[in-house]
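Only one structure is covered here, and it is reproduced in the block below.
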Amino acid sequence: MFRMGSLKSYNCEQCGNDFVSCTALRYHFRAKHLGKVHCEKCGREVLRETLRDHEAANHERLTAEKQGCFWDMPPKREAKFVAMEMSTSCRMCPRQFGTIHSREHHEKQDHHFTASKRAQMATGFSPDNILDYKNPTELKRFVEEKLQPIPGPASIACATEIEAIINLIKECFPLPIARLIKGGSHIKGTDTQGWSDVDIVLFSEAFENLEDCKKKLPEVIDDLGKRLKKSSWASRIMMEKRTQSSLRFHFKCYKNYHGHSFDIMPCCDMLGPAPSTGVKQSFYHKIYLCNDTDEIQLYSMSLLQYQVEFIKASTMKVKNLIRLVKHWFRTSFAKPTAQNKFRRLPSSYAIELIAISIWQLAGKPVFFSLIQGMRAILKLLVRYPEMCIVWHKHYSPNSTIFKKAFQKQTRPFVLDPANPTFNVCENSNAWDEVAHVARRSLLKPLFNGVQAKEPWLFTNGW
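Residue numbering for the sequence shown follows full-length UniProt numbering, starting at 1 and increasing by one per position.
Okay, structure coming up:
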């Protein structure tokens, strides 16, 4: 189910600020933007006639200061899968607030986070972005040659090695394993040539209950890490900083051509392999009442199988659209600096769900234009405060937990199809930056002259 709100405001396409009237918007534009253009390299707005001088004088220094953009960094996975407090956390300091409005007010008052500053901190188009392509053929070739995992023997060898490392993990795990769940982009089929992650949840009956699991986890994770370091595969495993509930490492795959980021999560099995509707409802109720963030992470691990199934069921074309949107995120945003080091962009899972919802809104077409699909997603991201997306595969619209979550929603609202207590958009505190970069992206050559066609005509109202 997809809903769009009807908030009446007048939005400046240059900086993203909203105004209560068309007159106020016109006055703002003449005062702040008339005669100015955005520098594509740094995101700053400068007078059109001084753009060349600005580029010559500033960018050599800026390059040295920034040392690359967000797209130069190795992908970093968040410490928590469910981080609902992130949306109310300041981007510039560790402070936490009760509401998004309070956080935004603090950023403006205490950190002078203006629309101009947001534009500078957000924009960072890389040389590898797809926005300068000029036709669908170029885009299709890029997806096939640069984004989709390479088919053939290399792909088969890669899958074989991943299964081998999973078997090694099972052998090294210090407790008896009752059940194992696999997730991540590699399992869901949304991985790219340059990035792939694998999530492994290991359920053990050695954990008596949730409290016992929390107590034993540090020792179990440390023991598993030590055993993997002593294994015959140790030279191909690069350990990363562990989290409260998981062991993380990077695995060098087939002939070291690429790698996979592994997240290993031991847990007690609180849901079982095939729970009834009643068991699920009781489980959701426990999550809803839980106030311990560490326990919420452990609860969420039991839902991984349903999250994977939901994404995995998408068509190959939709998965290519997901890959394209992920690539856009990787190649369009400036890397965080010391000034905004607490910024968090939307999670990979949120991106997948938004892409699927757009495809469903278009009527689930088997064949469609990637440019049309990408354009629809970017237009939706510009209007993020109106976003409201829910599914009812695992919970009823009449369930008490869903009704409570829906009533207290904050926008954007994309409810996890496997968990009615979790708005996946709350993992991010930078939706306004996403909207700004999406707005700038729609002005790029890839979308020049592109008009909505069937089945994407619904975007004309956006």
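Where a beta carbon is used, it is the ideal one built from N, C-alpha and C, also for glycine. Note that the structure is a prediction, hence the values are computed from the model and not measured.
Could you pull the start and end residues of the alpha helix (DSSP H) that residue i belongs to?
i: residue 22; result: 22–32
i: residue 323; result: 316–332
i: residue 343; result: That residue, residue 343, is in no alpha helix (DSSP H); it is neither H nor E in DSSP.
i: residue 299; result: 293–301
i: residue 401; result: 400–407
i: residue 285; result: 277–289
i: residue 157; result: 153–172
i: residue 218; result: 210–229
i: residue 142; result: 136–142
i: residue 373; result: 370–382
i: residue 458; result: Here residue 458 belongs to no alpha helix (DSSP H), and DSSP marks it neither H nor E.
i: residue 453; result: From DSSP, residue 453 is part of no alpha helix (DSSP H); its letter is neither H nor E.
i: residue 311; result: 304–312
Taking the alpha carbon of residue i as the point to measure from, which residue in the options has its own alpha carbon closest?
i: residue 373; options: 342, 394, 319; result: 319
i: residue 235; options: 219, 243, 252, 354; result: 252
i: residue 201; options: 288, 271, 141, 149; result: 271
i: residue 246; options: 208, 285, 275, 203; result: 203
i: residue 219; options: 193, 173, 198, 240; result: 173
i: residue 143; options: 156, 129, 168, 154; result: 129
i: residue 392; options: 306, 148, 87; result: 306
i: residue 243; options: 425, 192, 217, 23; result: 217
i: residue 121; options: 97, 332, 287; result: 332
i: residue 265; options: 433, 141, 180; result: 180
i: residue 463; options: 356, 397, 280; result: Lying outside 1 to 462, the shown extent of the chain, residue 463 is not represented and no answer is given.
i: residue 158; options: 176, 177, 192, 229; result: 192
i: residue 314; options: 358, 282, 212; result: 358
i: residue 353; options: 398, 425, 342, 337; result: 425
i: residue 205; options: 197, 190, 176; result: 176
i: residue 437; options: 116, 395, 104, 293; result: 116
Excluding sequence positions up to five away, which residues of its chain have a Cβ less than 6 Å from the Cβ of residue i?
i: residue 65; result: With a pLDDT of 38 at residue 65, under the threshold of 50, the modelled position of this residue cannot be trusted; read the value that follows with caution. Closer than 6 Å at the Cβ level, and outside the excluded window around residue 65, lies no residue.
i: residue 133; result: 139, 446
i: residue 347; result: 427
i: residue 225; result: 247
i: residue 146; result: none
i: residue 344; result: 86, 428, 429
i: residue 452; result: 459, 460
i: residue 288; result: 401, 421
Short of 7 Å in beta carbon distance, which residues of its chain neighbour residue i, apart from the five on each side in sequence? Order them along the chain.
i: residue 435; result: 16, 381, 382, 384
i: residue 238; result: 249, 250
i: residue 232; result: none
i: residue 100; result: 87, 88, 410
i: residue 444; result: 131, 132
i: residue 155; result: 149
i: residue 96; result: 85, 88, 89
i: residue 36; result: 45, 46, 47, 48
i: residue 369; result: 136
i: residue 240; result: 248, 249, 250
i: residue 308; result: 183, 187, 188
i: residue 303; result: 418, 419
i: residue 165; result: 233, 251
Which first and last residues belong to the beta strand (DSSP E) in which residue i is found?
i: residue 199; result: 197–203
i: residue 48; result: Where residue 48 is concerned, there is no enclosing beta strand (DSSP E), given that its DSSP letter is neither H nor E.
i: residue 238; result: 237–239
i: residue 181; result: 179–183
Name the one or two DSSP bridge partners that residue i has.
i: residue 260; result: 251
i: residue 267; result: 203
i: residue 434; result: The partner list for residue 434 (beta bridge, DSSP) is empty, contrary to what the question assumes.
i: residue 36; result: 47
i: residue 89; result: 96
i: residue 123; result: 333
i: residue 423; result: 415
Take residue i and list the residues in its own chain whose beta-carbon comes closer than 8 Å to its own, dropping the five residues that flank it on each side.
i: residue 450; result: 371, 372, 375
i: residue 351; result: 322, 325, 326, 329
i: residue 63; result: Confidence at residue 63 is low in this model, with a pLDDT of 40, below 50, so its placement is unreliable and no value can be given for it.
i: residue 295; result: 210, 214
i: residue 367; result: 317
i: residue 363; result: 455
With a threshold of 8 Å (Cβ to nearest heavy atom), would residue i be considered close to the ligand GDP?
i: residue 443; result: Ligands displayed in this structure: none; no statement on the ligand GDP is therefore possible.
Output yes if chain C places a C-beta closer than 9 Å to the C-beta of residue i; else output no.
i: residue 206; result: In summary, chain C is missing from the structure at hand, where a single protein chain is found.
contact_flag[the region 258–276, the region 166–185] where n(CB pairs < 8 Å) is 3 or more: yes
Segment contact, 8 Å Cβ cut-off, at least three pairs: the region 408–425 with the region 292–304: yes
Validate contact between the region 385–402 and the region 90–104 using beta carbons, cut 8 Å, 3 pairs: no
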